Amino acid sequence: MILRELCDAIGVSSGEDAVRDLIYTHIRDYVEAVRVDALGNLLAVRRGTGAVDLRVMAAAHMDEVGLIVVGYDSDGLLRFRAVGGIDARILPGTRVLVGPERIPGVVAWAPIHLNSSEDTVSIERLRIDIGVSSRDAAQNAVERGELIAFDSRLVELGPTVRGKALDDRAGCASLIALIQGEPFPFDLHVAFTVQEEVGLRGARVAAQAIKPDVAFVLETTACHDLPEDPDEPDQTTITRLGGGPAITVVDRSMVSDPRLVRFLAQTGEREGIPFQFRSPQHAGGTDAGAIHLTRGGVPSAVVANPCRYLHGPASVMNLSDFENQSRLLRAAWMALTPAVLERD
Amino acid sequence: MPLDLTEHLKQLSETPAPSAHEGPVRAVIQAAWTPLVDAFEQDGLGSLIAVKRGTGPEPRPTIMLCAHMDEIGLIVAEVRDGFLRTEKLGGTDYRALLAQPVLVHGRRVLPGVFGAAPPHMSRDRKKYPPASELWIDVGLPADEVAALVRIGDLVTFDAPFVKLRGERAVGKSLDNRASVAAVTVCLDELTRRTHAWDVVAVAAVQEEVNLAGATVAAYQVRPDLAIAIDTTFGEQPGVNDDVSFALGEGPTLGRGPNFHPGLFKALRQVAKDHEIKLQVEVLPGHSGTDAWAIQVSHAGIPTALLSIPIRNMHTPSEVVDLRDITRAGRLLAAFIETLGPDTLAQIAWKLPRDNAKEERTP
Numbered sequence: 038m039i040l041r042e043l044c045d046a047i048g049v050s051s052g053e054d055a056v057r058d059l060i061y062t063h064i065r066d067y068v069e070a071v072r073v074d075a076l077g078n079l080l081a082v083r084r085g086t087g088a089v090d091l092r093v094m095a096a097a098h099m100d101e102v103g104l105i106v107v108g109y110d111s112d113g114l115l116r117f118r119a120v121g122g123i124d125a126r127i128l129p130g131t132r133v134l135v136g137p138e139r140i141p142g143v144v145a146w147a148p149i150h151l152n153s154s155e156d157t158v159s160i161e162r163l164r165i166d167i168g169v170s171s172r173d174a175a176q177n178a179v180e181r182g183e184l185i186a187f188d189s190r191l192v193e194l195g196p197t198v199r200g201k202a203l204d205d206r207a208g209c210a211s212l213i214a215l216i217q218g219e220p221f222p223f224d225l226h227v228a229f230t231v232q233e234e235v236g237l238r239g240a241r242v243a244a245q246a247i248k249p250d251v252a253f254v255l256e257t258t259a260c261h262d263l264p265e266d267p268d269e270p271d272q273t274t275i276t277r278l279g280g281g282p283a284i285t286v287v288d289r290s291m292v293s294d295p296r297l298v299r300f301l302a303q304t305g306e307r308e309g310i311p312f313q314f315r316s317p318q319h320a321g322g323t324d325a326g327a328i329h330l331t332r333g334g335v336p337s338a339v340v341a342n343p344c345r346y347l348h349g350p351a352s353v354m355n356l357s358d359f360e361n362q363s364r365l366l367r368a369a370w371m372a373l374t375p376a377v378l379e380r381d
Numbered sequence: 050m051p052l053d054l055t056e057h058l059k060q061l062s063e064t065p066a067p068s069a070h071e072g073p074v075r076a077v078i079q080a081a082w083t084p085l086v087d088a089f090e091q092d093g094l095g096s097l098i099a100v101k102r103g104t105g106p107e108p109r110p111t112i113m114l115c116a117h118m119d120e121i122g123l124i125v126a127e128v129r130d131g132f133l134r135t136e137k138l139g140g141t142d143y144r145a146l147l148a149q150p151v152l153v154h155g156r157r158v159l160p161g162v163f164g165a166a167p168p169h170m171s172r173d174r175k176k177y178p179p180a181s182e183l184w185i186d187v188g189l190p191a192d193e194v195a196a197l198v199r200i201g202d203l204v205t206f207d208a209p210f211v212k213l214r215g216e217r218a219v220g221k222s223l224d225n226r227a228s229v230a231a232v233t234v235c236l237d238e239l240t241r242r243t244h245a246w247d248v249v250a251v252a253a254v255q256e257e258v259n260l261a262g263a264t265v266a267a268y269q270v271r272p273d274l275a276i277a278i279d280t281t282f283g284e285q286p287g288v289n290d291d292v293s294f295a296l297g298e299g300p301t302l303g304r305g306p307n308f309h310p311g312l313f314k315a316l317r318q319v320a321k322d323h324e325i326k327l328q329v330e331v332l333p334g335h336s337g338t339d340a341w342a343i344q345v346s347h348a349g350i351p352t353a354l355l356s357i358p359i360r361n362m363h364t365p366s367e368v369v370d371l372r373d374i375t376r377a378g379r380l381l382a383a384f385i386e387t388l389g390p391d392t393l394a395q396i397a398w399k400l401p402r403d404n405a406k407e408e409r410t411p
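From first to last, the protein sequence lines stand for chains G and P.
Here the first sequence is numbered in this note's numbering, starting from 38 and rising by one per residue.
Here the second sequence is numbered in this note's numbering, starting from 50 and rising by one per residue.
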């Protein structure tokens, strides 16, 4: 299961190497012009039949949110900060792997017997325990600036999976599947990007190099379709698990190109592939936010797997949604022509 | 075969057994103790009572070692739309459960997770969410969940035992499986030593709810001396130094009204004689351990408390120093070896003698 390999691999933003190597082994036999750019993006071309004259870019980000070592306490505990968006409230007691040696550690939490405050402990005050008991021992084991990942393995729950980094290894897995399938009518310029979680950094330079006419981003997006609290004014779930891949209409980073949104929805309806629209009411952005602003502007769209408990060690994603992400894009790409992008 | 402490503790830690549901861990402990003891007894609540007979003349006095084997957990309180709301079983800390993996013990074991809103939408990050907003997600359709999970089903932490740097390890339920492992170390040591007294090792149930196991086990065993073995707070940020103890500096020996001063001194002396690191833990009242219940069984039992410092108590990620477990086990064995026909008299309370003159006579 490629999804399992990808999710269990560690690739916190700027440390995507293991994920990149893994993806390369899965696409090398299908692509040409493979290269790694200055930021670490993995770029390649999946040759098409040549029937359609469009430069099409498809992107999925390789990086995941994590933590980074910033210092040591005299008792050997590590100080850290977040890399990407992490809610500090999920960290107490969380298992982590520190640095390139994947040293096991745990976010310490004062016992409930002696600590009962409901006020959130900020990330600056949390510490990671790797088992050493002095500053020297900590410094010998771990360098400042080393990245820290959640220590979590993918578990199949039935129709769903639980694991870390589904955002966006699920998108990477879908893009790999699309590359490995039948060629498309056009050359597909694929970008497995770095540093999405810290500001869409990789996608920007990838798009600047690829110079696409149109771009599709394969993402994993938030979902919070839990039982509703009648006193809670905001009942938005963002997406619903099992409702099909989510097409973004608008998010914090972009208004999707309406022609592409319409085209994707029509494709889903025509082919009987379930899809849903992501609620526009919540934060979050994707690589498309950077791509659509490159050069003279690139019509862009996002198709995303709904995923609960995003940016944590144990997110939950529906496998049908995941499979339908690549099905919807395959059907759309097979039908994609320059006419889709003609202005009314 | 020599005892592999790390492997033993891993098995103990990863076995799910919240209060009143200790069956799985009782089986693990019984298997580990069977080659080390002479007989097992039962009581009415399910504690495992193991007897290792001494070499002294009958009737032999008895020392009871008591380590509780139950763990904190959760029980399903509501099933709604395929999600599960829980209540605590023991002193579980919901603040350390957001986004954490769990196991739901329904008609089959279901891996799940405590749902945490993503940072994209959490509105108030200044407080931890109340228990009423915490739902477990087992990733199954609502009708399947309704068929597989009932109110009252158990929920335990899905947290592997992992070795850390040095001699430390992290795992769930090290409170109090670390102490059970210390008793195993002691029983293993005793197979290579002679002891005059009978030793009764109790893996007690239901400490985390109300000390129920120790209360009735002490009544049934009716020991002459008792030592409870539990965990105590390890030094860590956010915890007062007065009530926490360095990991790796030895177990702690309780001192205060819950403990017999003579027994305290005798244990401390044995640690000194054998150069076993030991810290003193001052407990001004209720120790919050089985020792509190044992001390007042029958006509009163001289009781001591040996504790192993752990960090992050009552989270899925308790941290222990393995050397402290070995030290606790060795100290218990060394102390048991010293027990003789005069021990009780030596530690007993003494009244002032009537004839002071006689006392001065050589």
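Each residue gets a CB set at the ideal place from its N, CA and C atoms; glycine is no exception.
All of these numbers come straight from a predicted model, not from anything done at the bench.
Distance check for F308/P and S346/P, CA to CA, integer angstroms please.
If you take the alpha carbons of S346/P and F308/P, they lie about 13 Å apart.
Terminal residues of the continuous beta strand (DSSP E) containing T55/P?
Counting along the chain, T55/P falls outside any beta strand (DSSP E), though it belongs to the alpha helix (DSSP H) covering L54 to E63.
Mark D224/G as exposed unless 16 or more other C-beta atoms lie within 10 angstroms of its C-beta, in which case mark it buried.
When all chains shown are included, D224/G counts as buried.
Is the CB of N384/G under 9 Å away from at least one CB in chain P?
Beyond the ends of chain G as shown, which are 38 and 381, falls residue 384/G; an answer cannot be given.
Collapsed DSSP secondary structure at I30/P in the structure displayed
The first residue shown for chain P is 50 and the last is 411, placing residue 30/P beyond what the model contains.
Using a Cβ-Cβ distance under 9 Å, would P137/G count as near chain P?
Interface criterion not met: the Cβ of P137/G is under 9 Å from no Cβ in chain P.
Which one of G139/P, G337/P, P160/P and G297/P has the shortest CA to CA distance from H363/P?
When each option's Cα is compared against that of H363/P, the closest is G139/P.
For Q318/G, count the other beta carbons within 10 Å of its own beta carbon; 16 or more makes it buried, fewer makes it exposed. Which is it?
So Q318/G counts as exposed.
Which residues in chain P have a C-beta closer than 7 Å to the C-beta of E155/G? List them in chain order.
Under the 7 Å cutoff, chain P gives K176 and Y177.
For W341/P, would you say it is in contact with chain G, using Cβ-to-Cβ distances shorter than 9 Å as the test?
For W341/P, the answer is no, since every Cβ of chain G falls outside 9 Å of its Cβ.
Which of the residues in the region 86 to 116 of chain G, read from start to end, lie with their CB under 8 Å from any CB of chain P?
Correct list: D110, D112 and L114.
So that I know if they touch, is there some Cβ in chain P lying closer than 9 Å to that of L301/G?
No, its Cβ sits nowhere closer than 9 Å to a Cβ of chain P.
Coarse secondary structure for Q328/P, derived from DSSP in three states:
In this structure, Q328/P counts as strand in the three-state DSSP scheme.
Would you identify the three-state DSSP class for G305/P, choosing helix, strand or coil?
Residue state, collapsed to three classes: coil.
So, is T62/G buried or exposed, given that buried needs 16 or more other C-beta atoms within 10 angstroms?
Looking at its Cβ environment, which holds fewer than 16 other Cβ atoms inside 10 Å, T62/G is exposed.
Under 9 Å (Cβ pairs) to chain P, residues found in the region 235 to 261 of chain G
For the region 235 to 261 of chain G, which is checked against every Cβ of chain P, the residues closer than 9 Å are T258, A259, C260 and H261.
Start-end ranges of the alpha helix (DSSP H) lying completely within the region 345 to 398 of chain P, minimum 4 residues
Those alpha helix (DSSP H) runs which fall completely within the region 345 to 398 of chain P and span 4+ residues are 371 to 387 and 392 to 396.
Which listed residue (L312/P, E120/P and V86/P) has its alpha carbon closest to that of A253/P:
Among L312/P, E120/P and V86/P, the Cα nearest to that of A253/P is on E120/P.
To the nearest angstrom, report how far apart A147/G and P311/G are at their CA atoms.
Cα to Cα, the separation comes out at about 46 Å.
Who are the neighbours of L263/G on chain P, taking C-beta pairs under 7 Å?
Chain P residues near L263/G: F132, G164 and W184.
Residues of its chain near E284/P, where Cβ-Cβ distance is below 6 Å and the 5 sequence neighbours each way are ignored:
The residues are S293 and A295.
How many angstroms separate the CA atom of V335/G from the CA atom of R116/G?
Cα to Cα, the separation comes out at about 41 Å.
Rounded C-alpha distance that separates S366/P from F221/G
The straight-line gap from Cα to Cα measures roughly 49 Å.
For V288/P, return the contacting residues in chain A, with the cut-off set at a CB-CB distance below 8 Å.
In the displayed structure, chain A is absent; the protein chains listed are G and P.
Touch check for the region 204 to 216 of chain P and the region 338 to 354 of chain P: three-plus C-beta pairs under 8 Å?
Contact fails: fewer than three Cβ-Cβ distances are below 8 Å.
Assuming the contact rule is C-beta atoms closer than 8 Å, A119/G and T157/G should be a hit. Round their C-beta distance to whole Å, please.
The beta carbons of A119/G and T157/G sit about 13 Å from each other, so the pair does not count as a contact at 8 Å.
Are A231/P and G378/P touching if we call contact CB-CB under 9 Å?
Going by C-beta atoms, A231/P is nearer than 9 Å to G378/P.
Partners in chain P for T197/G, counting only beta-carbon separations shorter than 7 Å:
Simply G188.
Return the chain-ordered list of same chain residues with a C-beta closer than 6 Å to the C-beta of G220/P, the five sequence neighbours on each side being excluded.
Only S62 and F210 meet the Cβ criterion.
Threshold first: 4 residues or longer. Then list the alpha helix (DSSP H) segments lying entirely within the region 208 to 273 of chain P, N to C.
Restricted to the region 208 to 273 of chain P, the alpha helix (DSSP H) segments that are unbroken, complete and at least 4 residues in length are 223 to 239, 256 to 259 and 261 to 270, listed in chain order.
Kindly indicate which three-state DSSP category G311/P falls into: helix, strand or coil?
For G311/P, the three-state secondary structure derived from DSSP is helix.
Nearest-angstrom Cα distance between N361/G and G281/G?
Using only the alpha carbons, I get a separation of about 7 Å.
For V49/G, which residues does DSSP report across the bridge?
Per DSSP, E101/G.
V234/P versus G52/G - alpha carbon distance
Those two C-alpha atoms are separated by around 43 Å.
Identify the residues that DSSP records as bridge partners of I278/P: which are they?
Paired residues: A116/P and L355/P.
Would you mind working out which of D54/G, C44/G, A96/G and T86/G sits nearest A246/G, comparing C-alpha positions?
Of D54/G, C44/G, A96/G and T86/G, the residue nearest in Cα terms is A96/G.
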